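Residue numbers (the working numbering): 2 to 81.
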């Protein structure tokens, strides 16, 4: 999908993004902060990147443990 494709996976088991509760707010915020740090370390911060979460079958989710795809290294254009 992109030259840079990094998975961000929390240790806490949460099946889907729809299963996030109020007690997970800090965890979700930390995931986004970590995504930015990883993007900087991977050299894609300045040009931009995409952070993706697929939710349930129609959203393309295959693994039912919350995770995010950090994608970059090329022009991602519009949604495809």
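Just so you know, even glycine gets a beta-carbon here, dropped at the ideal spot from N, CA and C. Since we're looking at a predicted model, the values are computed, not measured.
Short Cβ contact (8 Å threshold) for residue i with residue j
| i | j | result |
| --- | --- | --- |
| residue 73 | residue 37 | no |
| residue 7 | residue 67 | no |
| residue 69 | residue 39 | no |
| residue 52 | residue 71 | yes |
Exposure of residue i, with buried meaning 16 or more beta-carbon neighbours within 10 Å
| i | result |
| --- | --- |
| residue 34 | exposed |
| residue 26 | exposed |
| residue 45 | buried |
For residue i, the residue or residues it bridges with in DSSP
| i | result |
| --- | --- |
| residue 72 | 6, 51 |
Close Cβ partners of residue i (< 7 Å) along its chain, the five nearest in sequence each way excluded
| i | result |
| --- | --- |
| residue 30 | none |
| residue 75 | 3, 4 |
Contact set for residue i: own chain, Cβ-Cβ below 8 Å, skip 5 residues either direction
| i | result |
| --- | --- |
| residue 19 | 56, 57 |
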